[in-house]
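Colleague:
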Amino acid sequence: MNVLVFSHYFELAKELISAGSRVGDVSLLLSSDQRDREGEVKGARRVIICDVSSEDQSGLLNAITSLAKDYDLLIFSSDKRGRELIGQVAQKLERAVATEVSSLSLSNGKLIIERMTYGGKAISVEELSLPAAISIQKGKFKPLDADSAHETLHCKFEAARSYEVVERRPKPKLGIPLDKADVVVAAGRGFKRKEDLKLAQELAELFNGVVGSTRPLAADLKWVPEESWIGISGVRIAPKLLFVVGASGQQQFSAGIIDSKVIVAINNDPGAPIFENSDYGIVKDLYEFLPALIKRLRELR
Numbered sequence: 001m002n003v004l005v006f007s008h009y010f011e012l013a014k015e016l017i018s019a020g021s022r023v024g025d026v027s028l029l030l031s032s033d034q035r036d037r038e039g040e041v042k043g044a045r046r047v048i049i050c051d052v053s054s055e056d057q058s059g060l061l062n063a064i065t066s067l068a069k070d071y072d073l074l075i076f077s078s079d080k081r082g083r084e085l086i087g088q089v090a091q092k093l094e095r096a097v098a099t100e101v102s103s104l105s106l107s108n109g110k111l112i113i114e115r116m117t118y119g120g121k122a123i124s125v126e127e128l129s130l131p132a133a134i135s136i137q138k139g140k141f142k143p144l145d146a147d148s149a150h151e152t153l154h155c156k157f158e159a160a161r162s163y164e165v166v167e168r169r170p171k172p173k174l175g176i177p178l179d180k181a182d183v184v185v186a187a188g189r190g191f192k193r194k195e196d197l198k199l200a201q202e203l204a205e206l207f208n209g210v211v212g213s214t215r216p217l218a219a220d221l222k223w224v225p226e227e228s229w230i231g232i233s234g235v236r237i238a239p240k241l242l243f244v245v246g247a248s249g250q251q252q253f254s255a256g257i258i259d260s261k262v263i264v265a266i267n268n269d270p271g272a273p274i275f276e277n278s279d280y281g282i283v284k285d286l287y288e289f290l291p292a293l294i295k296r297l298r299e300l301r
């Protein structure tokens with residue numbers, strides 16, 4: 001079986017190669033701004049370098065759909081941009097599609113996958129007819145170590161852009177990325193004002209950690225950058241220590257924290273769902289507990 005993999009982020013592409021190699025021969029598509037990473041590719045039989053930037057979503061859609069006729073399976077990463085792209089590709093090609101895949105194999109010409117469902121509370125085993133497109137959960141496949149020779153192809157595609165880029169502005173850096181932090185403080189709707197998030201920031205700084213948030217604070221209230229959004233539609237995290245402060249712990253959020261090593265929940269509602277997924281639970285108003293905790297931690301330093 002022929003497999004084509006692509007990710008906007010080269011480090012994630014390494015995981016996709018590992019996943020694809022379990023069911024077929026892998027070709028890796030590199031965007032024009034990833035071409036310098038070709039020497040780091042391991043496990044792919046072919047590397048296709050296209051003249052489209054990873055920032056050009058419509059150009060990538062055109063490139064991938066043009067190449068797709070030669071591939072039984074298309075694999076993308078389950079980050080925000082990957083989820084957008086797989087939907088567009090599957091719709092345009094009218095292919096079977098599955099997201100959040102954590103395992104895959106072949107059986108009698110069918111693709112057998114396992115994927116997260118019900119907001120992370122269950123694993124669904126499904127059978128897909130080929131050709132198909134899937135996205136892979138981050139961290140489920142270890143990048144391959146063995147060196148392997150590969151064929152290199154260079155492809156040019158006609159521009160399919162329906163818009164013009166007039167300006168580019170880099171996003172402000174937020175320090176340690178959420179998914180790489182050892183300690184995270186996740187803030188929820190229990191915070192009454194944007195200014196009060198300084199309590200979460202103070203706690204995070206004591207542990208050299210970072211602050212994340214639930215969907216309402218990032219998407220609805222815009223109190224924090226979108227990159228701080230934790231959950232099934234945001235960033236999935238697996239820190240060594242996670243403080244969940246003032247968040248009820250609904251499925252959309254809880255699916256993004258299930259791999260955390262130790263979870264400490266602080267909520268004034270003893271019936272909040274977050275306590276079901278926590279190692280330690282404090283039933284207390286965050287405005288009373290956080291200042292006391294921060295004060296005590298500073299005394300112990």
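With the UniProt record's numbering as the guide, the letters of the sequence shown map in order to residues 1 to 301.
Here a beta-carbon is modelled for each residue, glycine too, at the ideal position from N, C-alpha and C.
These figures come from a predicted structure and were not determined experimentally.
Tell me, to the nearest whole angstrom, how far the beta carbon of Lys202 is from that of Ile266; I am working on the premise that it is less than 8 Å.
Modeller: For the purposes of this step, residue 202 is identified with residue 202 of the sequence shown, where counting begins at 1. For the purposes of this step, residue 266 is identified with residue 266 of the sequence shown, where counting begins at 1. Per the sequence shown, the amino acid found at residue 202 is Glu instead of Lys. With a beta-carbon spacing of about 14 Å, Glu202 and Ile266 fall beyond the 8 Å limit used to define contacts.
Colleague: In three-state terms, what does DSSP make of Ser135?
Modeller: What you label residue 135 is simply residue 135 of the sequence shown in a count that begins at 1. Ser135 falls in the strand class under three-state DSSP.
Colleague: Could you tell me the distance, in whole angstroms, from the CA atom of Val235 to the CA atom of Gln34?
Modeller: Taking the sequence shown and counting its residues from 1, one reaches residue 235 at position 235. Taking the sequence shown and counting its residues from 1, one reaches residue 34 at position 34. Their backbone Cα atoms lie some 23 Å apart in a straight line.
Colleague: Can you tell which of Val244, Pro225, Ile230, Leu206 has its C-alpha closest to the C-alpha of Arg296?
Modeller: Within the sequence shown, numbered from 1, the residue matching residue 296 stands at position 296. When each option's Cα is compared against that of Arg296, the closest is Leu206.
Colleague: Around the C-beta of Lys14, are 16 or more other C-beta atoms found within 10 angstroms, so that it is buried, or is it exposed?
Modeller: Along the sequence shown, read from residue 1 onward, the residue named residue 14 stands at position 14. By the neighbour-count rule (16 or more Cβ atoms within 10 Å), Lys14 is buried.
Colleague: Using a threshold of 7 Å, state whether the C-beta atoms of Ala200 and Val244 are closer than that.
Modeller: Walking along the sequence shown from the start, residue 200 turns up at place 200. Walking along the sequence shown from the start, residue 244 turns up at place 244. Against a cut-off of 7 Å, the Cβ pair of Val244 and Ala200 comes out as no contact.
Colleague: Decide if Gly175 is buried, meaning its Cβ has at least 16 other Cβ atoms within 10 Å, or exposed.
Modeller: The count along the sequence shown starts at 1 and reaches residue 175 at position 175. Classification for Gly175: exposed.
Colleague: Starting from the Cα of Arg22, find the closest Cα among Glu84, Ile113, Leu61 and give me that residue.
Modeller: Here residue 22 refers to the residue found at position 22 of the sequence shown. Among Glu84, Ile113, Leu61, the Cα nearest to that of Arg22 belongs to Ile113.
Colleague: Just verifying my parser: in three-state terms, what is the DSSP assignment at Asp259?
Modeller: Within the sequence shown, residue 259 is the residue found at index 259, counting from 1. The answer is coil: DSSP assigns Asp259 none of H, G, I, E or B.
Colleague: Nearest-angstrom Cα distance between Glu276 and Gly246?
Modeller: Here residue 276 refers to the residue found at position 276 of the sequence shown. Here residue 246 refers to the residue found at position 246 of the sequence shown. Distance between the alpha carbons of Glu276 and Gly246: 15 Å.
Colleague: Could you work out which residue in Phe289, Ser260, Asn108 is closest to Asp279 when comparing CA atoms only?
Modeller: Working through the sequence shown from its first residue, we reach residue 279 at position 279. When each option's Cα is compared against that of Asp279, the closest is Ser260.
Colleague: For Leu221, which of Phe191, Ser58, Gln250, Leu29 has the nearest alpha-carbon?
Modeller: To locate residue 221, count along the sequence shown from 1; it is residue 221. Ranking the options by Cα distance to Leu221, first place goes to Phe191.
Colleague: Return the first residue and the last residue of the alpha helix (DSSP H) that Arg298 is part of.
Modeller: In the sequence shown, the residue the question calls residue 298 occupies position 298. Segment 286-300, the alpha helix (DSSP H) holding Arg298.
Colleague: Give the C-beta separation of Arg81 and His8 to the nearest angstrom, bearing in mind that I take them to be a contact with Cβ-Cβ under 8 Å.
Modeller: Along the sequence shown, read from residue 1 onward, the residue named residue 81 stands at position 81. Along the sequence shown, read from residue 1 onward, the residue named residue 8 stands at position 8. Contact flag correct, Cβ pair sits at about 5 Å.
Colleague: Going by beta carbon distance, what residues of the same chain come within less than 8 Å of Phe289, once the five residues before and after it are set aside?
Modeller: Here residue 289 refers to the residue found at position 289 when the sequence shown is read from its first residue. Ile266, Ile282.
Colleague: Using DSSP bridges, identify the partner residues of Thr152.
Modeller: Mapped onto the sequence shown, residue 152 falls at position 152. DSSP output for Thr152 lists Val47 as bridge partner(s).
Colleague: What does the Cβ neighbour count give for Lys156, buried or exposed, with the cut at 16 atoms within 10 Å?
Modeller: Looking up residue 156 in the sequence shown gives position 156. When all chains shown are included, Lys156 counts as exposed.
Colleague: Which runs of the alpha helix (DSSP H), 4 residues or longer, sit entirely within the segment 27-73?
Modeller: 57-67
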